[in-house]
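Data first, discussion second: the structure below is written as structure tokens.
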Amino acid sequence: MKNDKAHITLTAGGAVLARMKAIGVDYIFANSGTDFPPIIEGLAEANAKDIELPNALVMPHENAAMGMAHGYYLATGKTQAVMAHTNVGLANCAIGAINAATEHVPVILMSGRTPVMEQGRLGARTVPIGWGQEMRDQAAMVREASKWEYELKFPEQVPDVVDRAYAIASSVPKGPVYVSLPREVLCEPCPGDAIDAPLRMQPVRVMPPKESLEDAARILANAKNPVIIAQRGTGTAEAFDRLSGLVDQWGIPVVQYWAIQLALATGHPMMAGMDPAPWLKDADAVLVIDCLAPWSPDIHTLRPDCKVIQIGQNPLYSRFPGRNFAADLSLAGETGDVIMALADVLDRHHGDHRETCAARREKVAAINATTRKKALAAADAGSVDPMTKAFVSRCLSDAIVGRSATVFSELGCPLEPLSLSEHSSWYQEPHSGGLGWSFPASMGYQLADKNKLVIATMGDGSYMFANPTACHQIAEALALPILILVLNNNEWGAVRQSVTGMYPDGYAAKTNQMPLTGLKPSPDFTKVAEASRAWTAKAERAADLPEILRQAIAHIDTNRTHALVEVTIAP
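Counting from 141, one number per residue, gives the positions in the sequence shown under the working numbering.
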């Protein structure tokens, strides 16, 4: 705040915004409504008084707002804010809140509240929706996905409430919080003397005790067949590099089962593919790195003597009612911090196991080389018409080789055929399955780094769920040069796979058109993108895809606007 804060009075609406800027929030992703007059007035007031505010971005749909806040956090590690319109806007935020909660992504979610007063106070109800949008328990729509919730009661609460919201969202385990903002309260004056004070409630950091780290290190060091299963990456680039060296040194295979983020380079000798079955059957120690579901109990069985170590922000994932995976030892904390601390302890044990580790490494590397070769061969075999998702991944990998890129995949390009070697180079849809995520999340990531090549790959159903008209409008308005690949198979492919998995010889598997899965006739998705001046192309033949991808990336590099390629793939 540039003026003398002791002499400034803001409306509470302006104070909420100013306080968030003061504690480090860069963006407010907002979809405004009739509850927003004091917020909009606050923006104008703060600007007139030369008060710094977060950048308030117009979001044509709340799902895009939540996805962009999610993606921006993945790129920066910084908690951001979303502001929605009363109960209806909050309802549109619910899927994004569920996704963020599942993935431990902190978001300060706010929405207006229908005015309590019908008359006699500034901010009282003025239009019929003031009655129509009132709820007995508005917060219930996101309560299960929220770490904390509150309704602002008085304007002088603003600094404390914003600080508490930020601190709780950013504390381990991280996640979204919700604050309701009644319109009458936002209209009232708020003292400005505390608005730009330092953050008085710091987020909580957690680390496992030294004796637990020692116990974990002993289990892994003495294991004959240790295995690591990772889903949500390593937390930091430093931990990514450290884990890479650690597993190479110890000869421990790493399975990235249903990977949400990359934990190990896909070409690393210890990268053991996506299927844990071959490794779990003989494992006597399993290190689980931030996995909601590290294996499927209906398919995979552990040895009775196998020890399981779970690490992550919330190793037991206590928010989920049913999750009964073994945890002989739990190490709670920021994933990257725990990996670094455990690696330091393991270093002290390695000298006693050097020969065993070298022999195991050689054996594991040979198995993994064969697995990798088969995966790439299977992808290459998909160069038919219509092509396979794996082949699209292979072509994308070739198109981005040698440059820093980040791939978001939502039922789009699979990870296994890609050649990726950097932390933050891969993000898959949250395990909560709230569709329409990868498009806006990739835009949030691109917002944080406009010079990086960011690719959003998704199925045709996921693309439609993303409210693509809104997302394309945002991409054009904010000049976000993302590459969008829509893999179109004219169906809900994930639903088909689920049905055939449960009933491989059933009636549905034998039909030409499986019930409740078809998405024909397909819209022409390039026309949707062209409405917002995106570069577009269709890849209907496998032979054409590499050149089309080259042209799309060249357009992005040269013109710095977004591009969409619709790819025809096999069911």
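Note that beta-carbon positions come from the ideal geometry of N, C-alpha and C, so glycine has one too.
- [ ] Would you check if the segment 594 to 612 and the segment 620 to 635 touch, i.e. whether three or more CB-CB distances between them fall below 8 Å?
- [x] yes
Task: From Gly633, Gly576, Thr676, His489, residue whose alpha carbon lies closest to that of Ile359 - done: Walking along the sequence shown from the start, residue 359 turns up at place 219. The shortest C-alpha separation from Ile359 is found at His489.
Open item on the list: If contact is defined by three or more beta carbon pairs under 8 Å, each pair taking one atom from either stretch, is the segment 299 to 313 in contact with the segment 342 to 355?
Closed with: yes
Open item on the list: Considering just the uninterrupted stretch of the beta strand (DSSP E) at Asn195, what are its terminal residues?
Closed with: Taking the first residue of the sequence shown as position 1, residue 195 is located at position 55. First-last of the beta strand (DSSP E) with Asn195: 195 to 198.
Task: Cys330, DSSP secondary structure in three states - done: Within the sequence shown, residue 330 is the residue found at index 190, counting from 1. The answer is strand: DSSP assigns Cys330 an E or B state.
Task: Same chain, Cβ closer than 8 Å to Thr151, five either side skipped, listed in chain order - done: By 1-based counting over the sequence shown, the position of residue 151 is 11. Excluding positions up to five away in sequence, the list reads Pro178, Glu181, Gly182, Glu185, Pro295, Leu326, Cys327, Glu328, Pro329, Cys330.
Task: Rounded straight-line distance, which links the Cα of Glu502 to that of His201 - done: Here residue 201 corresponds to residue number 61 of the sequence shown, with the count starting at 1. Here residue 502 corresponds to residue number 362 of the sequence shown, with the count starting at 1. Those two C-alpha atoms are separated by around 52 Å.
Open item on the list: Taking only three categories from DSSP, how would you classify Val282?
Closed with: Taking the sequence shown and counting its residues from 1, one reaches residue 282 at position 142. If DSSP states are grouped into helix, strand and coil, Val282 belongs with coil.
TODO: Give the straight-line distance between the Cα atoms of Gly263 and Met257, rounded to the nearest whole angstrom.
DONE: Counting from one through the sequence shown, the residue named residue 263 turns up at place 123. Counting from one through the sequence shown, the residue named residue 257 turns up at place 117. So the alpha carbons of these two residues sit roughly 8 Å apart.
- [ ] With a cut-off of 8 Å on the beta carbons, I'd call Ile154 and Thr226 a contact; round off their distance for me.
- [x] Along the sequence shown, read from residue 1 onward, the residue named residue 154 stands at position 14. Along the sequence shown, read from residue 1 onward, the residue named residue 226 stands at position 86. Checking the sequence, you will find Gly at residue 154 rather than Ile. Going by Cβ atoms, the distance from Gly154 to Thr226 rounds to 20 Å, so no, they are not a contact pair.
Open item on the list: So, with DSSP's three-state summary, where would you put Val448?
Closed with: On the sequence shown, residue 448 is found 308 positions in, with the first residue counted as 1. Correct three-state label for Val448: strand.
Task: Stretch-stretch touch, CB-based, cutoff 8 Å, three pairs: the segment 604 to 624 with the segment 564 to 581 - done: yes
- [ ] Determine the direct distance from the alpha carbon of Ala499 to that of His493, and round the result to whole angstroms.
- [x] Numbered from 1 along the sequence shown, position 353 holds the residue referred to as residue 493. Numbered from 1 along the sequence shown, position 359 holds the residue referred to as residue 499. Going by the C-alpha atoms only, they are around 10 Å apart.
Open item on the list: In the DSSP output, what is Pro366 paired with across the bridge?
Closed with: Counting from 1 along the sequence shown, the entry for residue 366 is found at position 226. Its beta-bridge partners are Ala425.
Open item on the list: Considering Cα atoms alone, identify which of Ala518, Gly252, Trp566, Glu378 is closest to Tyr318.
Closed with: For the purposes of this step, residue 318 is taken as the residue at position 178 of the sequence shown. Here the closest residue by C-alpha is Gly252.
Open item on the list: Quick check on this structure: which residue in Ala231, Asp430, Val298, Met414 has the alpha carbon closest to the alpha carbon of Met281?
Closed with: Numbered from its first residue, the sequence shown carries residue 281 at position 141. For Met281, the nearest C-alpha among the options comes from Ala231.
TODO: Report the rounded CA-to-CA distance for Thr640 versus Gly646, giving the unit in angstroms.
DONE: Within the sequence shown, the letter at position 500 stands for residue 640. Within the sequence shown, the letter at position 506 stands for residue 646. Between Thr640 and Gly646, the C-alpha separation is close to 8 Å.
Task: In DSSP terms, what Asn249 is bridged to - done: Looking up residue 249 in the sequence shown gives position 109. Correcting the residue identity first, residue 249 is Leu in this sequence and not Asn. In the DSSP output, where bridge partners are listed per residue, Leu249 has Val222, Tyr318.
Open item on the list: Quick check on Val466: does DSSP put it in helix, strand or coil?
Closed with: Counting from 1 along the sequence shown, the entry for residue 466 is found at position 326. The residue you asked about is not Val; residue 466 is Ala in the sequence shown. Looking at Ala466 - three-state DSSP - the assignment turns out to be coil, as it is neither helix nor strand.
Task: Uninterrupted alpha helix (DSSP H) stretches inside the segment 595 to 666 (no shorter than 4 residues) - done: 600 to 605, 608 to 617, 633 to 642, 647 to 650
Task: Strand pairing of Trp390, partner residues [DSSP] - done: As a position in the sequence shown, residue 390 is number 250, starting the count at 1. BP columns for Trp390 are empty, so no partner.
Open item on the list: Determine whether the beta carbon atoms of Tyr212 and Gly462 lie at a separation below 7 Å.
Closed with: Position 72 of the sequence shown, counted from the first residue, corresponds to residue 212. Position 322 of the sequence shown, counted from the first residue, corresponds to residue 462. Contact flag unset, no.
- [ ] Please list, in chain order, all residues of the same chain as Cys535 whose beta carbon is under 7 Å from its beta carbon, the five residues on each side excluded.
- [x] In the sequence shown, counting from the first residue as 1, residue 535 sits at position 395. For Cys535, where only same-chain residues beyond five positions count, the Cβ hits under 7 Å are Leu685, Pro686, Leu689.
Open item on the list: Tell me the rounded alpha-carbon separation between Trp765 and Lys650.
Closed with: Because residue 765 is not part of the residues shown, which for the chain are 141 to 711, the question remains open.
Task: Short Cβ contact (7 Å threshold) for Asp438 with Ala363 - done: As a working note, residue 438 is residue 298 in the sequence shown. As a working note, residue 363 is residue 223 in the sequence shown. Taking 7 Å as the Cβ cut-off, Asp438 and Ala363 do not qualify as a contacting pair.
Open item on the list: Considering only DSSP beta bridges, list what Phe548 is partnered with.
Closed with: Within the sequence shown, residue 548 is the residue found at index 408, counting from 1. DSSP lists Tyr567, Ala596 as partners of Phe548.
Task: Alpha-carbon spacing of Ile238 relative to Gly574, whole angstroms - done: Position 98 of the sequence shown, counted from the first residue, corresponds to residue 238. Position 434 of the sequence shown, counted from the first residue, corresponds to residue 574. Looking at the two C-alpha atoms, the distance is approximately 7 Å.
Task: Candidates Pro409, Ile168, Cys611, Val156, of which the one nearest Val222 by Cα - done: Here the question's residue 222 lines up with position 82 in the sequence shown. Nearest option by C-alpha distance: Ile168.
TODO: Output yes or no for whether 7 Å exceeds the beta carbon distance between Ala412 and Pro393.
DONE: Taking the first residue of the sequence shown as position 1, residue 412 is located at position 272. Taking the first residue of the sequence shown as position 1, residue 393 is located at position 253. It is a contact, given that the beta carbons lie within the stated cut-off.
Open item on the list: Once DSSP output is grouped into helix, strand and coil, what is the label at Val705?
Closed with: What you label residue 705 is simply residue 565 of the sequence shown in a count that begins at 1. Note: Val705 maps to strand in three-state DSSP.
Open item on the list: Does the contact criterion of 3 or more C-beta pairs under 8 Å hold for the segment 524 to 540 versus the segment 382 to 396?
Closed with: no
TODO: With DSSP collapsed to three states, give me the class of Met127.
DONE: The structure shown has nothing for residue 127, since the chain only spans 141 to 711.
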